[in-house]
Amino acid sequence: MNLLDDAVSRLERWSALDALAEPVRTAAHALVKPRLVRNLLSGIPTGHPLHPVLTDFPIGAWSMAGVLDLFGEPTERAADILVATGLVAAVPTAAAGFSDWSDTQGGETRLGIVHAALNVAALGLYGASLAARKAGARTAGRGLAFAGLGVLLTSGYLGGHLAFTKGVRVSRTAWHEGPTDWQDVGAASELSTDKPTLVQADDIPVLVVHDAGRFLALDNVCTHAGGSLNEGTIENGCVTCPLHGSTFRLADGGVVHGPASTPQPSYDTRIRDGRVQIRARR
Ligand code: FES
C-alpha cells in the first residue's frame, strides 16, 4: 500500500469524524429531499450522475487561472475572470455532491466530509484571491489561488477515490449483461401472483412482476447502490427501492425518482409451453 492509499484508509477508519459527518449528512439529506431537487441533483435528466460532470467547470476554470497567473500582467484579467467563474460553478457542483454524499455510509461518509471540507477551504481561498485581485494585491491574489489549487487537487484525489475505488454512484448493474438467448425462469402459473418474484437468469437476479396479464422483468439490483428491488414496493407500474427510494418503471426500467440516475436494466419476456422466458432487451 502506498502512502496515499494508507492515508486515505486511515481517514476511512477514523470514527471521530462521525461526530461531524453524521449531523451534516442528515442535514444534507433533508435539504435534497424534495423530489424535484433530488431528481435534478441526481442527474436524472441526463441519465448520469450530475456531480462528476459539474466538477469539470470549477476545476477547469481554476486550473486554467493558475496557468494564466504564471504569465503575470498580460493575462491577469483573464485569470481573474476564470477565478470568478470557478466560484460561481462551485455552487451547483457542491449541491450535486452533497446530494450524492447524503446516501453514503461508514467510510464513504467520512471520506466525503473531508472531501467537502477541503472544497470549502478551496472555495474560501479562491474567494480571498478574487478579493485580493480586486484590491490590487496581485501577488497575494496569485498566492491564494495557488494555495486553493493545491487544496482542490487534494480534494479531487479523494473524490476520485470515492468514485473509482469505493464505487459511489457507479451503477451496480454495470456488468450485468443478462442472457442473450431466451432463458426459462419458471412456470407462468407460479409467477402469476400479486407478489413480485425473484428469479435467476445467467446468475443475475431478476425481478419478475405479473402485471395485467403480462410479465415484466427488471434487474433486481438497484443501479444506485445495490438495493434489492424485490424487497421494495410495487405501485402504479413502478417499483421503489427499499434503501433510498429510487423509483423505476417496471415496463422499461426508466428512472421516475432519484437518487438513482441510471435506468434499471429491463428484460424481454415471453411464454412458451406455460413457462416464462426472459432475455436481455435488444
Ligand atoms: S440502493 Fe439507493 S435507491 Fe436503491
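Per the UniProt record's numbering, the sequence shown starts with residue 1, numbered consecutively.
C-beta atoms are modelled at their ideal positions from N, C-alpha and C, and glycine is treated no differently.
Everything numeric in this text was worked out from a predicted model, so none of it was measured.
Endpoints, the alpha helix (DSSP H) within which residue i is located
i: G124; result: 106-134
i: S63; result: 51-69
i: L82; result: 76-101
i: S9; result: 3-13
i: V168; result: Note, V168: premise wrong, no alpha helix (DSSP H); not H, not E.
i: V37; result: 35-42
i: H29; result: 18-31
i: G150; result: 138-160
Residues bridged to residue i [DSSP beta-bridge criterion]
i: V199; result: V206
i: F248; result: V239, V255
i: D194; result: Partner(s): none; D194 has no beta bridge.
i: R272; result: R275
i: D211; result: R214
i: S228; result: V221
Whole-angstrom distance between residue j and residue i, CA atom to CA atom
i: F215; j: W14; result: 48 angstroms
i: G159; j: H29; result: 19 angstroms
i: A145; j: L20; result: 27 angstroms
i: A89; j: A96; result: 11 angstroms
i: T233; j: T223; result: 16 angstroms
i: V209; j: A217; result: 6 angstroms
i: L153; j: V8; result: 14 angstroms
i: V199; j: V276; result: 11 angstroms
i: E231; j: S261; result: 20 angstroms
i: N119; j: R25; result: 16 angstroms
i: W62; j: G136; result: 19 angstroms
Range of the contiguous beta strand (DSSP E) that encloses residue i
i: G186; result: 183-187
i: L218; result: 214-219
i: R279; result: 275-280
Environment of residue i [buried if 16+ CB atoms lie within 10 Å]
i: I278; result: buried
i: P196; result: buried
i: T109; result: buried
i: R38; result: buried
i: A104; result: In the sequence as displayed, the identity of residue 104 is Thr instead of Ala. Buried, by the Cβ-count rule.
i: G213; result: exposed
i: L3; result: exposed
i: L70; result: exposed
i: H248; result: Contrary to the premise, residue 248 reads as Phe rather than His in this sequence. F248 comes out buried.
i: D219; result: buried
*asked:* Does the structure place the segment 52-61 close enough to the segment 80-93 that three or more beta carbon pairs sit under 8 angstroms?
replied: yes
*Check whether the segment 176-195 touches the segment 121-131, taking contact to mean three or more Cβ pairs, one atom from each stretch, closer than 8 angstroms.*
no
*Pair every Cβ in the segment 236-253 with every Cβ in the segment 264-273, then say whether three or more of these pairs are closer than 8 angstroms.*
yes
*Would you say the segment 196-211 touches the segment 171-180, given that touching needs at least three Cβ pairs under 8 angstroms?*
yes
*If we count Cβ pairs, one from each stretch, closer than 8 angstroms, do we get three or more for the segment 96-113 versus the segment 38-52?*
yes
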